[in-house]
Amino acid sequence: MYEIAVIPGDGIGKEVMEATINVLESLDVDFNFTYGEAGDECLEKNGVALPNETIQLAKNADACLFGAAGETAADVIVRLRQELNLFANLRPVKSYPNTNALFENLDFMIVRENTEGMYIAKEEEYTAEGAIARRIITRKASERIIEYAFQYAKDNNKSKVTGVHKANVLKISDGLFRDIFNEIADKYKDEIDSEDFYVDATAMYLITRPESFEVIVTTNLFGDILSDEGAGLVGGLGMIPSGNIGENGALFEPVHGSAPDIAGQGIANPLAMMLSAVMMLNYLGESEAEEKLNNAILELLNEGKCLTPDLGGSSTTMEVSEAIKSKL
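Quick note, in full-length UniProt numbering, the sequence shown goes up one by one and the last residue is 328.
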């Protein structure tokens, strides 16, 4: 039996989580779902956005499913990533039918370093007129994430890894990241091709030739920005899952936020959350269930009959859930 920590969070996080658990319970996999609190409502109720009990729940689980948080999102998800040492953030960019994707047949992965860079919460006021934010790039974290990206490419039949940095300006910190990328690329040169680009050039190439990418590896802030750009290529944030992977745990979440403007209306698109569950099944080694759920989602999208309003349909969140459940 797999112990799964479930943290619905705020807004539509609760709705898409309910829809996803409904589907997971119909699979031939033995799960025990235990729920934890986090987010804006938790802060209002308990005085803290991420209770220690929820952190321990996530640490003790085989995997964690997270919905969405509102204004406290950074306090919740960044801390969870750090507490669980979830160093790799996987952001797939994949085209699906009937999703307003700008490009057909895109299928690449952005591997984002998750524990340092600009997101270490080290900001301070310098004077009344300005502030300072620290950016940390270490050899250990860079080696770990770049090695992960090349191994991911090898394990998933990808032929090329692209390193993304800004070493022409950030000569020391991104220079270190680039140099480590080249060191590790040399180790894999007989199996995996490599290239490296500045982040601004990469942002352009994602628009002009996105099909040229297979695996992108980069630092925290750059990965955050590029993955949202990637989402725009394939129908928006409502279709993008993500996985946060560590040496002893993993957390899976949709890239979208809590969407308070539509929360409570029952019209949120649950597919990013469900695709995050597909990633969880892959992580757990449940390949048959992974394929089954992924195929059910593809079948639903190909039919185009049961879609939420963001995809041009009129179905509710739970109607989509039940439609996918019926295909399993």
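Where is the CB? At the ideal position from N, CA and C, for every residue including glycine.
Is the CB-CB distance between residue i and residue j below 8 Å?
i, j, result
"N60", "E3", "yes"
"S95", "L80", "no"
"T218", "V164", "yes"
"G266", "T316", "yes"
"residue 330", "F108", "Because the chain here runs from 1 to 328, residue 330 falls outside it and cannot be looked at."
"V111", "I145", "yes"
"D193", "S142", "no"
"K166", "Y198", "yes"
"G243", "L50", "no"
"I184", "E147", "yes"
State the DSSP-derived secondary structure class of residue i, mapped to helix, strand or coil.
i, result
"R144", "helix"
"R112", "strand"
"F66", "strand"
"G238", "helix"
"I137", "coil"
"V48", "coil"
If you drop the 5 nearest sequence neighbours on each side, which residues of the same chain put their C-beta closer than 7 Å to that of residue i?
i, result
"G70", "D10, G11, G39, D40, S258 and P260"
"K327", "A296, E299 and L300"
"P210", "F103, L106 and L233"
"I262", "I12 and A268"
Pick out whichever of the options has its Cα sitting closest to the Cα of residue i.
i, options, result
"Y119", "R135, R112 and G230", "R135"
"M273", "E15, K325 and E124", "E15"
"F87", "D196, T34 and G117", "G117"
"T99", "M318, L284, A323 and L271", "L271"
"A133", "T34, M17, L221 and V255", "L221"
"T54", "E83, A74 and V29", "E83"
"I180", "E191, D190, I240 and T162", "T162"
"D190", "F150, A289 and T208", "F150"
Near residue i, what residues of its chain come up, given a Cβ to Cβ distance below 6 Å and the 5 sequence neighbours on each side ignored?
i, result
"L176", "I137"
"T202", "V164"
"K325", "V23 and S26"
"R139", "none"
"L275", "P241"
For residue i, which residues from the same chain have a beta carbon less than 8 Å from its beta carbon, with the 5 sequence-adjacent residues on both sides left out?
i, result
"A58", "A5, I7, G36, C64, L80, E83, L84, G249 and L251"
"E123", "A131, I132, A133 and R134"
For this session: Can you check the stretch 155-202 for any alpha helix (DSSP H) of at least 4 residues that lies completely inside it and give the ranges in chain order?
Result: 173-187
Problem set entry | Complete runs of the alpha helix (DSSP H) confined to the stretch 259-313 [at least 4 residues] | 271-284 and 287-303
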